[in-house]
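Q: Sequence order for the protein chains is E and R. Residue numbers for the first sequence follow the UniProt record's numbering, so the first one is 1 and each next one is one higher. Residue numbers for the second sequence follow the UniProt record's numbering, so the first one is 1 and each next one is one higher. Every residue, glycine too, gets a C-beta built ideally from N, C-alpha and C.
Protein chains: 2
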Amino acid sequence: MVSEKMYQLGSNRSAIRELFEYGKMRAEIVGKENVYDFSLGNPALPPPQAVEDALIDLLKNEPAIAVHGYTSAQGDAGVRAAIANYLNQTYQTNFHKDNFYMTCGAAASLTICLRAIIEKEDDEVIVIAPFFPEYRLFAEAAGGKVIIVPPDMQHFQIHMEKLAEMITARTKAVIINSPNNPSGAVYSVETITALCKLLNKKSKENGRPIVLISDEPYREIVYDGLDVPYLTKYYANTVVCYSFSKSLSLPGERIGYILVPDEMEESGKVYAAVCGAGRVMGYVCAPSLFQKVVGRCIGQTSDIETYKRNRDLLYDGLRTIGYRCVKPQGAFYLFLKALEPDAAAFCEMGKKYDLLMVPGDSFGCPGYVRLSYCVDGEMIRRSLTAFQKLWNEYLKMK
Amino acid sequence: MVSEKMYQLGSNRSAIRELFEYGKMRAEIVGKENVYDFSLGNPALPPPQAVEDALIDLLKNEPAIAVHGYTSAQGDAGVRAAIANYLNQTYQTNFHKDNFYMTCGAAASLTICLRAIIEKEDDEVIVIAPFFPEYRLFAEAAGGKVIIVPPDMQHFQIHMEKLAEMITARTKAVIINSPNNPSGAVYSVETITALCKLLNKKSKENGRPIVLISDEPYREIVYDGLDVPYLTKYYANTVVCYSFSKSLSLPGERIGYILVPDEMEESGKVYAAVCGAGRVMGYVCAPSLFQKVVGRCIGQTSDIETYKRNRDLLYDGLRTIGYRCVKPQGAFYLFLKALEPDAAAFCEMGKKYDLLMVPGDSFGCPGYVRLSYCVDGEMIRRSLTAFQKLWNEYLKMK
Chain E
1 MVSEKMYQLG
11 SNRSAIRELF
21 EYGKMRAEIV
31 GKENVYDFSL
41 GNPALPPPQA
51 VEDALIDLLK
61 NEPAIAVHGY
71 TSAQGDAGVR
81 AAIANYLNQT
91 YQTNFHKDNF
101 YMTCGAAASL
111 TICLRAIIEK
121 EDDEVIVIAP
131 FFPEYRLFAE
141 AAGGKVIIVP
151 PDMQHFQIHM
161 EKLAEMITAR
171 TKAVIINSPN
181 NPSGAVYSVE
191 TITALCKLLN
201 KKSKENGRPI
211 VLISDEPYRE
221 IVYDGLDVPY
231 LTKYYANTVV
241 CYSFSKSLSL
251 PGERIGYILV
261 PDEMEESGKV
271 YAAVCGAGRV
281 MGYVCAPSLF
291 QKVVGRCIGQ
301 TSDIETYKRN
311 RDLLYDGLRT
321 IGYRCVKPQG
331 AFYLFLKALE
341 PDAAAFCEMG
351 KKYDLLMVPG
361 DSFGCPGYVR
371 LSYCVDGEMI
381 RRSLTAFQKL
391 WNEYLKMK
Chain R
1 MVSEKMYQLG
11 SNRSAIRELF
21 EYGKMRAEIV
31 GKENVYDFSL
41 GNPALPPPQA
51 VEDALIDLLK
61 NEPAIAVHGY
71 TSAQGDAGVR
81 AAIANYLNQT
91 YQTNFHKDNF
101 YMTCGAAASL
111 TICLRAIIEK
121 EDDEVIVIAP
131 FFPEYRLFAE
141 AAGGKVIIVP
151 PDMQHFQIHM
161 EKLAEMITAR
171 TKAVIINSPN
181 NPSGAVYSVE
191 TITALCKLLN
201 KKSKENGRPI
211 VLISDEPYRE
221 IVYDGLDVPY
231 LTKYYANTVV
241 CYSFSKSLSL
251 PGERIGYILV
261 PDEMEESGKV
271 YAAVCGAGRV
281 MGYVCAPSLF
291 QKVVGRCIGQ
301 TSDIETYKRN
311 RDLLYDGLRT
321 IGYRCVKPQG
331 AFYLFLKALE
341 PDAAAFCEMG
351 KKYDLLMVPG
361 DSFGCPGYVR
371 LSYCVDGEMI
381 RRSLTAFQKL
391 WNEYLKMK
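#1: Would you mind working out which of VAL369(E), ASP215(E) and TYR36(E) sits nearest ALA338(E), comparing C-alpha positions?
#2: Does the Cβ of ARG382(E) have 16 or more other Cβ atoms within 10 Å, making it buried, or fewer, making it exposed?
#3: Please identify, using Cβ separations under 7 Å, the residues of the segment 94-106 of chain R that lie next to chain E, in order along the chain.
#4: Between the beta-carbon of ILE258(R) and the beta-carbon of CYS285(R), is there less than 8 Å?
#5: Just to confirm the assignment: which complete beta strand (DSSP E) runs, minimum length 3, are found wholly within the segment 151-185 of chain E?
#6: Looking at chain R, is there any beta carbon in it that lies within less than 8 Å of the beta carbon of PHE138(E)?
#7: According to DSSP, which residues form a beta bridge with ILE16(E)?
#8: LYS269(R) versus chain E: which residues are under 7 Å apart at the beta carbon?
#9: Buried or exposed for LEU318(R), going by 16 or more other Cβ atoms inside 10 Å?
#10: Taking three-plus beta-carbon pairs below 8 Å as touching, is the segment 69-83 of chain E in contact with the segment 78-87 of chain R?
#11: Chain R beta carbons: is any one of them nearer than 8 Å to that of TYR22(E)?
#12: When we look at the beta-carbon of ASN94(R) and count the other beta-carbons within 10 Å, is it buried (16 or more) or exposed?
#13: Got a sec? Which residues, its chain only, sit under 7 Å from TYR234(E) by beta carbon, not counting five neighbours each side?
#14: At a cut of 8 Å, does the segment 45-64 of chain E reach the segment 59-66 of chain R through at least three beta carbon pairs?
#15: Measuring alpha carbon to alpha carbon, tell me which residue in ARG309(E), ASP376(E) and TYR394(E) is nearest PHE346(E).
#16: How about SER214(R): is its C-beta nearer than 8 Å to some C-beta of chain E?
#17: Can you give the beta carbon distance from ILE221(R) to SER247(R), rounded, assuming they're within the 8 Å contact cut?
#18: With respect to the beta strand (DSSP E) encompassing LEU339(R), which residues constitute its N-terminal and C-terminal limits?
#19: Could you name the residues of chain E that SER302(R) contacts, counting a contact when the two beta carbons are closer than 9 Å?
#20: Excluding sequence positions up to five away, which residues of its chain have a Cβ less than 6 Å from the Cβ of ILE16(E)?
#21: For LEU212(E), which beta-bridge partners are listed by DSSP?
#22: If distances are taken between C-alpha atoms only, which option among ALA141(E), LYS201(E), PRO182(E) and ASN88(E) comes closest to LEU336(E)?
#23: Can you pull out the residues from the segment 272-293 of chain E whose beta carbon lies closer than 9 Å to at least one beta carbon of chain R?
#24: Would you mind sorting LYS172(R) into buried or exposed? The rule is 16 or more other CB atoms within 10 Å of its CB.
#25: Identify, in the order they occur along the chain, each residue of the same chain with its Cβ nearer than 8 Å to the Cβ of ILE158(R), setting aside the five sequence neighbours on each side.
#26: Within the 8 Å Cβ cut-off, does THR238(E) reach chain R?
#27: Among GLY364(R), GLU348(R), THR301(R) and LEU356(R), which one has its Cα closest to the Cα of PRO43(R)?
#28: May I ask you to report which of helix, strand or coil DSSP gives LEU250(R)?
#29: Can you tell me whether DSSP reads ARG311(R) as helix, strand or coil?
#30: Spatial neighbours of SER362(E) within its chain, please: C-beta separation below 7 Å, excluding the five flanking residues on both sides.
#31: Excluding the five sequence neighbours on either side, which residues of its own chain have a C-beta within less than 8 Å of the C-beta of VAL280(R), listed in chain order?
#32: What number of angstroms, rounded off, separates the C-alpha of PHE332(E) from the C-alpha of SER372(E)?
#33: Give every residue of the same chain whose Cβ lies closer than 6 Å to the Cβ of ALA27(R), excluding the five residues on either side of it in the sequence, and list them in chain order.
#34: ASN310(R) touches chain E at which residues, Cβ-Cβ below 8 Å?
#35: Residues in its own chain within less than 8 Å of GLN136(E) by CB, not counting five upstream and five downstream?
#36: Between ILE117(E) and TYR283(E), what straight-line distance do the alpha-carbon atoms span, to the nearest angstrom?
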């Protein structure tokens, strides 16, 4: 009756979604304040005031037909120009409006980009563990084959030797995600430089460019004044997949973009293929009101200080107890070493204390668990007692 | 470097889009008021006041995190329940919230639905001419093969004998669109009854159900008190693909739904496959603010009387001159018989008088042209002089 594959994908709920539902059920039994749900990457902060101001102004003062009407498939020209200007000022780049294709958020950016560039069945897409699990589905749905580079467990940068080994003549693209979900790591300039050197060398060997897909919904969410290198400046064949979901706390509104820089080989052809892929997948245009909103709010962010306070509270609290983890530099995830090799079993044990954590296995990194700290700070504070109890439980077992 | 197919699709602009750009260029030369652009199906009316009220109320009085946050992939449960209630009251159906999957508009509804149900390479999808040209791309992108039933030139209903001949064991789905773009026809109860009888018979012969995909963004845009039969009541294996783009004049906001009725064979499996297809294509959820808006405005429409006045003005005007066309019963298109067999040549001749019309060829119906009358009524009035001149031009040639 239906595609068996689509049926399987639609009926197997993601582990994260299962946990979230479990948390709601537990909250009814023990009370919402006694469940410590670190499962979902749903921003806990409202959008900045500029977003609400832009919405009201557009609705009250602009003609409704223009505000809610179709834009071109590429997106509103003024909005794309505003994004180009902002990036040029911030990163000393040379983009113009026609480098941008507005999308319905990061997932759409990735699926459209992959559909555009994958040419044939055996094209390989390399992902770097730990990685967002949907990458695999997106690449496979576009006809590609996913190759996973094992994690650099020390610093959660890129295991460059492994990557070098895994690039073949079939390698079409490498997806990176920095600041990273789930590790919270930000790839350093050294990492990026080494990566780009490798990709240039291998592209030359292959006689066709390897596309670097930079999935960066967390670009602005970084701490301690850290810089996130702008990829197109390091590697010409970079496509940037961006979303405003996290920076502006608009995850449900589905708004982002694909950036195809002029520097890219056959840049015009890549951009046209992006338009073609968006078209066949039914993405007529990105939501028009929110295109205009992000155009006006470009450069604004939600209150990142709150996420930083959460990070410090959780990281310091867990380290004081004795847990091991790399200090997150960006995004709003902390990647904790489980207290036993089986992360799923550790998460089950955590549930005893109503701590909801996501096993790292689906991110390609067994033995770790992901904690989303885009939550209420008070919940983090209360959760530390539960984390202490969990620690004691494992201590007793030794 | 890229998928050749996506590149082709992205670089060949649609004929309609080309015309629209041409119209803008002409407007700069001869003045906006002297260009009669009937090319685009972009609603010329603002959304009903209820939409603006709902937007302002949601933004002012509901928590921003909930308004702009992720909904479940299926869509907000309250919104889906509101849609079910409305349809049940209006059409005496028995839907519930879990029959609905919210989408980013009609194109997304169709691409997701096709991806969900197409099982293998040689699955055939039948479309009835005249038809919306993107159907072909959507079906092919989902892995299907498109079979075109030639038009019923008399009434623009369905050429039932031809359809019967073209259904094979490989037929997976039939897409219909009533009220129809581009003909303006509404399929009568007789047409629907005959269609469903045929589909039931053929499904039985095939040993697997043929899915009827009802693409109905124009459901509410009908004139003269006409009823549009509700398909699930006539044929169990119907999937409804709906959009609020036209009914609420929100084409750029990308909001619609897929309805999988309980009556359908393996209904739960079909619904799960829809969820799976949406997931792999990167449709995380439908835009959250507009989900809530349509939930509140369900049953409302833009001012359809205006479209009716436009229809009457254009139809009566053209008939008075001597043109031939079937009177549109719904949507906002009039399908005019060209004054020569080559519709593209007729459209070129029209340009001489700054009449912008779309040849019917891409809709699978040569010899006709589509006029979109979702335009300013005054423009229609002024255009009639140009249509008279065009008529005279052909008269001279005889």
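A: Reading off the structure:
#1: The alpha carbon of ALA338(E) has as its nearest neighbour, out of VAL369(E), ASP215(E) and TYR36(E), the alpha carbon of VAL369(E).
#2: Exposure of ARG382(E) is indicated by the presence of fewer than 16 other C-beta atoms within 10 angstroms of its C-beta.
#3: Of all residues in the segment 94-106 of chain R, CYS104 and GLY105 have a Cβ within less than 7 Å of some Cβ in chain E.
#4: No; because the gap between Cβ atoms is not below 8 Å, this pair is not in contact.
#5: For secondary structure counted as the beta strand (DSSP E) over 3 or more consecutive residues, the segment 151-185 of chain E holds these complete runs in sequence order: 171-176.
#6: Chain R, which has a Cβ nearer than 8 Å to the Cβ of PHE138(E), makes this yes.
#7: Beta-bridge pairing links ILE16(E) to no other residue.
#8: By Cβ distance, chain E contributes MET1, VAL2 and TYR7.
#9: When all chains shown are included, LEU318(R) counts as buried.
#10: These segments do not touch.
#11: Answer no: the Cβ-Cβ gap between TYR22(E) and chain R never drops below 8 Å.
#12: With fewer than 16 other Cβ atoms inside 10 Å of its own Cβ, ASN94(R) counts as exposed.
#13: Closer than 7 Å at Cβ, skipping near neighbours: ILE192, THR193 and CYS196.
#14: A contact is defined here as three or more CB-CB pairs under 8 Å, and the segment 45-64 of chain E meets this definition with respect to the segment 59-66 of chain R.
#15: The shortest CA-to-CA distance from PHE346(E) to any of ARG309(E), ASP376(E) and TYR394(E) is the one to TYR394(E).
#16: Not one chain E Cβ lies under 8 Å of SER214(R).
#17: Yes, ILE221(R) and SER247(R) are in contact; Cβ-Cβ is about 7 Å, under 8 Å.
#18: Run containing LEU339(R): none; DSSP gives neither H nor E here.
#19: For the C-beta of SER302(R), not a single chain E residue is nearer than 9 Å; the gap to the nearest is close to 10 Å.
#20: Only SER39 and VAL358 meet the Cβ criterion.
#21: Partner(s): VAL174(E) and THR238(E).
#22: For LEU336(E), the nearest C-alpha among the options comes from PRO182(E).
#23: Listed by position along the chain: ALA272, ALA273, VAL274, CYS275, GLY276, ALA277, GLY278, ARG279, VAL280, MET281, GLY282, TYR283, VAL284, CYS285, ALA286, PRO287, SER288, LEU289, PHE290 and GLN291.
#24: That one is buried.
#25: For ILE158(R), where only same-chain residues beyond five positions count, the Cβ hits under 8 Å are ILE128, VAL149, ASP152, ILE176, TYR187, THR191, ALA194 and LEU195.
#26: Closer than 8 Å: no.
#27: Looking at the Cα atoms, THR301(R) is the closest of the given residues.
#28: Coil, per DSSP.
#29: Of the three classes helix, strand and coil, the one that applies to ARG311(R) here is helix, per DSSP.
#30: Answer for SER362(E): ALA15 and PRO133, listed in chain order.
#31: For VAL280(R), where only same-chain residues beyond five positions count, the Cβ hits under 8 Å are ARG115.
#32: A direct Cα-to-Cα measurement between PHE332(E) and SER372(E) gives close to 6 Å.
#33: Once the five neighbours on either side are set aside, the close Cβ partners of ALA27(R) are VAL35.
#34: None at all; the shortest Cβ gap to chain E is about 15 Å.
#35: Just to set this straight, residue 136(E) is Arg in the shown sequence, not Gln. Same-chain partners within the cutoff: VAL127 and VAL146.
#36: If I take the Cα positions, the gap works out to 17 Å.
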